[in-house]
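**Q** The numbering of the sequence shown is the working numbering, which starts it at 4 and goes up by one.
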Amino acid sequence: MRTGIVNLLLFGLAMMLADIIGGSVKAQSDDEDMPEDVAVPVEGSFMEDFFKEVEEIRMMIDKIQANVEEVKKKHSAILSAPQSDEKTKQELEDLMADIKKTANRGIEQNIEQEEQQSKSNADLRIRKTQHSALSRKFVEVMTEYNRTQTDYRERCKGRIQRQLEITGRATTNEELEEMLEQGNSAVFTQGIIMETQQAKQTLADIEARHADIIKLENSIRELHDMFMDMAMLVESQGEMIDRIEYHVEHAMDYVQTATQDTKKALKYQSKARRVICLLCGHLATTMRPTILHPRPGRLSVIVSLLPAIVLILLTPVIV
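1) Flag this pair as yes or no: are the beta carbons of Lys77 and Thr91 separated by less than 9 Å?
2) Since Gln185 is in the alpha helix (DSSP H), which residue starts that stretch and which ends it?
3) Can you find at least 3 beta carbon pairs, one from the stretch 132-152 and one from the stretch 218-232, that sit closer than 8 Å?
4) State the DSSP-derived secondary structure class of Thr105, mapped to helix, strand or coil.
5) Give the secondary structure of Asp228 by DSSP, where H, G and I count as helix, E and B as strand, and everything else as coil.
6) Any contact between the stretch 205-218 and the stretch 159-172? By contact I mean 3 or more CB pairs, one from each, below 8 Å.
7) Under 9 Å between the Cβ atoms of Met145 and Ala106?
8) What's the C-alpha gap between Lys66 and Ala173?
9) DSSP on Leu171, reduced to helix/strand/coil?
10) Could you tell me which of Leu82, Ser79 and Gln133 sits nearest to Glu56, measuring between CA atoms?
11) Residues in its own chain within less than 6 Å of Thr153 by CB, not counting five upstream and five downstream?
12) Cα separation between His227 and Ile60?
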């Protein structure tokens, strides 16, 4: 009877040890199957919203580029006309106003996302590429617009100089620049005798060209301010993207380190379980004769060891 009870206890102990060993083997198997790289899921809406904003900015830039080409045509039409065409000038001013409005919208358009919305290095590389491409394209288009305005100013100035020569007043480039800086068209008409219709027409044309140059200078100054805003925006957004990329790269390093530490912990846990199993088996073998042939001293030893045995057997299995 006593032998049957002992065998039953040993059988139960063996089954518990088998469960522990099985859990250890499973943990080891899971550890071996664990991938080296940790994939970070990316929400589709994140990049969809980003590309939508990119497309909006690209359309703004294309619109500015088309308007710049129209401005060039208007410049040529105005300079080739024998008389000032107010309709063409108004169309030119409308184009310039539209370019300014669209350019300001492009600058104010924010293609950045919050730092906590950044998902992966792949997304950041895409964002940096798009940000760089759009910034470069915007600067190219606005530089061409600035070049167009500057060229038109020089052509207007050359026409004023030729008309002054027709009236008998020769001027150098330096003198003409000084006259333009004064902002008063009367300086161009001093000494011109306006008795003939030709002289009156020449005077009117000079005044019109001078007014055009004043508007162009204002436009060029606005372009300069716009370029300064653009430079500051590109710098700030570039720093933002670099900072986000830095955080994401370090976050990935932390994830990889944590994954490696977890693998090591599982290996150590597996080894510790094997030691516990061996210890329990050794205790079961050692205690068998004591249980079969109990003596007062041995029973006290068994009783004192029971808490330790129970603690070992009830050790939680963490998978």
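For every residue, glycine included, the Cβ atom is placed at its ideal position computed from N, Cα and C.
**A** Answer, in terms of the structure:
1) Against the sequence shown, residue 77 aligns to sequence position 74. Against the sequence shown, residue 91 aligns to sequence position 88. Yes, the pair counts as a contact, with Cβ atoms nearer than the cut-off.
2) On the sequence shown, residue 185 is found 182 positions in, with the first residue counted as 1. Where Gln185 is concerned, the enclosing alpha helix (DSSP H) stretches over Asn176 to Gln185.
3) yes
4) Residue numbering aside, residue 105 sits at position 102 when the sequence shown is read from its first letter. Note: Thr105 maps to helix in three-state DSSP.
5) What you label residue 228 is simply residue 225 of the sequence shown in a count that begins at 1. Residue state, collapsed to three classes: helix.
6) Because the criterion of three Cβ pairs below 8 Å is met, the stretch 205-218 and the stretch 159-172 touch.
7) Translated into the one-based positions of the sequence shown, residue 145 becomes position 142. Translated into the one-based positions of the sequence shown, residue 106 becomes position 103. In this structure, Ala106 lies closer than 9 Å to Met145 by Cβ.
8) On the sequence shown, position 63 is the one that residue 66 refers to. On the sequence shown, position 170 is the one that residue 173 refers to. Between Lys66 and Ala173, the C-alpha separation is close to 42 Å.
9) Here residue 171 is taken as the residue at index 168 of the sequence shown, counted from 1. According to the sequence shown, residue 171 is Gly rather than Leu. In the structure shown, Gly171 adopts coil according to DSSP, grouped into three states.
10) In the sequence shown, the residue the question calls residue 56 occupies position 53. Looking at the Cα atoms, Gln133 is the closest of the given residues.
11) Residue 153 sits at position 150 when you count from the first residue of the sequence shown. So the list is empty, once near-sequence residues are dropped.
12) Looking up residue 227 in the sequence shown gives position 224. Looking up residue 60 in the sequence shown gives position 57. So the two alpha carbons sit approximately 21 Å from each other.
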